[in-house]
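In this note's numbering, the protein residues as written are 1337 to 1698.
Okay, structure coming up:
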């Protein structure tokens, strides 16, 4: 996925930014789906939007792109072509070995040990994924962490970077399962969700079980709204949730059959054992994998997103304060104490060399 400076694969970033021609379909830009407004496009790109079409920098309002898109798809299906540089039609090099990432890591699974942390956790799922899987990523840590996944051909990825409505994916999971059943298509449906988001819409798991669906739910247990801790208020109580929920009992509480299983992993060794487990891979029943991570740990893309936006907004706010004579109150007096906890996580250490810590004076 191309997301400006937050694009995980350097090969994808180069293909988009160096392309001679770009067809941009249905863009609704925001800071979160443009890498903090860091996307670099060919200015001559063609934009197909529900309310307008832009060609050569000129916007034509009132032209719906749907008829154009239908003709384009029909033409491509009639005469499919591959690019001449050894890539598939989606622009990603054939195979996944050696794909370099902009955050200085490789997507190949490594032999890791010790407690789970965001920086390497997500890449461990790439070998687990199969063709025709539907992968759904919740708003927050899961949304940014799954950007590190290399998806197999035929898989489908859903997330919501524009509106970012936390909790939407439990209902979306139900919708995807219903669609799979009605269309008669095979493949697993996998949800990645954080505990904070799950608390918003957890009751839909009861509907999923009542309808006999069998998804895989990967639950990140990190004691609250980590994305909000990174943005503002690391230790504020409004970013905490109840930690007394027993997620290992959740499926059976909502009526799942006794044959369904819930797994837990606190370390890479435990995670690796689950991901190669034949029963877990076959997914014949609804199942839960609960993984534990530090509440101050965040994926590299999320941390960098916040850094980019703060780098733009904080100087502007301070300048505005100087012009108006306003003194800005720091709402979280412990923020700068806890920033060191944030910086010490492995997810953030790798970008520490180019991270600007912007301190707002009290």
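Every residue, glycine too, gets a C-beta built ideally from N, C-alpha and C.
Inset, instruction - Tell me whether residue 1624 sits in a helix, a strand or coil according to DSSP, three-state version. - result: Residue 1624 sits at position 288 when you count from the first residue of the chain shown. The answer is strand: DSSP assigns residue 1624 an E or B state.
Legend entry - residue 1392 beta carbon less than 8 angstroms from that of residue 1644: Mapped onto the chain shown, residue 1644 falls at position 308. Mapped onto the chain shown, residue 1392 falls at position 56. Taking 8 angstroms as the Cβ cut-off, residue 1644 and residue 1392 do not qualify as a contacting pair.
Inset, instruction - Give the range of the beta strand (DSSP E) segment to which residue 1464 is assigned. - result: Position 128 of the chain shown, counted from the start, is the residue given in the question as residue 1464. Looking at the DSSP string, residue 1464 is not in any beta strand (DSSP E), and its letter there is neither H nor E.
Legend entry - Own chain, CB closer than 7 angstroms to residue 1400, minus 5 neighbours either side, in chain order: As a position in the chain shown, residue 1400 is number 64, starting the count at 1. Closer than 7 angstroms at Cβ, skipping near neighbours: 1386.
Legend entry - Boundaries (first-last residue) of the alpha helix (DSSP H) holding residue 1535: Residue mapping note: residue 1535 aligns to position 199 of the chain shown, counting from 1. Membership of residue 1535 in the alpha helix (DSSP H) is indicated by the continuous run 1531 to 1537.
Legend entry - Range covered by the alpha helix (DSSP H) that runs through residue 1604: To locate residue 1604, count along the chain shown from 1; it is residue 268. Segment 1604 to 1611, the alpha helix (DSSP H) holding residue 1604.
Inset, instruction - For my contact list, residue 1527 and residue 1472 are in at a C-beta cut-off of 8 angstroms; report their separation, rounded to the angstrom. - result: Within the chain shown, the letter at position 191 stands for residue 1527. Within the chain shown, the letter at position 136 stands for residue 1472. Yes, they are in contact, since the Cβ atoms of residue 1527 and residue 1472 sit about 5 angstroms apart, within 8 angstroms.
Legend entry - Rounded separation between residue 1493 and residue 1651 - CA only: The count along the chain shown starts at 1 and reaches residue 1493 at position 157. The count along the chain shown starts at 1 and reaches residue 1651 at position 315. C-alpha separation (whole angstroms): 36 angstroms.
Inset, instruction - Give the DSSP bridge partners of residue 1451, in chain order. - result: Walking along the chain shown from the start, residue 1451 turns up at place 115. Residue 1451 has 1603 as its beta-bridge partners, per DSSP.
Inset, instruction - Using the DSSP secondary-structure output, state which residues sit across from residue 1394 in a beta bridge. - result: Taking the first residue of the chain shown as 1, we reach residue 1394 at position 58. Paired residue(s): 1391.
Legend entry - Limits of the unbroken beta strand (DSSP E) element including residue 1555: In the chain shown, counting from the first residue as 1, residue 1555 sits at position 219. Here the beta strand (DSSP E) through residue 1555 covers 1552 to 1557.
Legend entry - Coil, strand or helix - residue 1352 by DSSP: As a first step, residue 1352 must be located in the chain shown, where it is residue number 16. DSSP places residue 1352 in the helix class (H, G or I) of the three-state scheme.
Inset, instruction - Tell whether a beta-carbon distance below 8 angstroms holds between residue 1557 and residue 1610. - result: The count along the chain shown starts at 1 and reaches residue 1557 at position 221. The count along the chain shown starts at 1 and reaches residue 1610 at position 274. Taking 8 angstroms as the Cβ cut-off, residue 1557 and residue 1610 do not qualify as a contacting pair.
Inset, instruction - Report the option in 1460, 1388, 1410, 1481 whose CA atom is closest to the CA atom of residue 1641. - result: Along the chain shown, read from residue 1 onward, the residue named residue 1641 stands at position 305. The residue with the shortest Cα to Cα distance from residue 1641 is 1481.
Inset, instruction - Please confirm whether residue 1638 and residue 1587 have their CB atoms less than 8 angstroms apart. - result: Along the chain shown, one-based indexing puts residue 1638 at 302. Along the chain shown, one-based indexing puts residue 1587 at 251. Between residue 1638 and residue 1587, the gap from beta carbon to beta carbon reaches 8 angstroms or more.
Legend entry - Three or more C-beta pairs below 8 angstroms linking the segment 1579 to 1594 and the segment 1504 to 1523: These segments do not touch.
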